[in-house]
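Quick note: the sequence shown uses my numbering, first residue 123, plus one each step. Ideal Cβ placement from N, Cα and C applies to all residues, glycine included. Read through the structure below, which is laid out as structure tokens, and then see the notes.
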Amino acid sequence: MTTEYPQQAGHGMLLVQLQGPDHGQPWAPAVARGMLHRAGYRAGLGAVRPHAFRHSFASAVPNA
């Protein structure tokens, strides 16, 4: 995914438009949420929400 990242964007966002008139611009939060939601259902996980990643990450990181 990062090999297609537009280097000229200048905003540091990873989820960016790769095509169309907004090429190189960050995704709107609602677009990212919708993508995760649809992907979760396709994977048989039900509704996946971005906040779940925060909890999963915090649970996976060992105490320092």
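Asked, Found
"In the DSSP assignment, the alpha helix (DSSP H) including Leu140 goes from what residue to what residue?", "First-last for Leu140: undefined, no H or E at that position."
"How is Pro172 classed by DSSP in three states: helix, strand or coil?", "helix"
"For the alpha helix (DSSP H) containing Gly156, list its first residue and its last residue.", "151 to 164"
"Assuming contact is defined by CB atoms lying nearer than 8 angstroms, are Gln139 and Gln147 in contact in what I supplied?", "yes"
"What are the residues that DSSP puts in a beta bridge with Pro148?", "Val138"
"If you drop the 5 nearest sequence neighbours on each side, which residues of the same chain put their C-beta closer than 7 angstroms to that of Leu137?", "Pro148, Trp149, Ala154"
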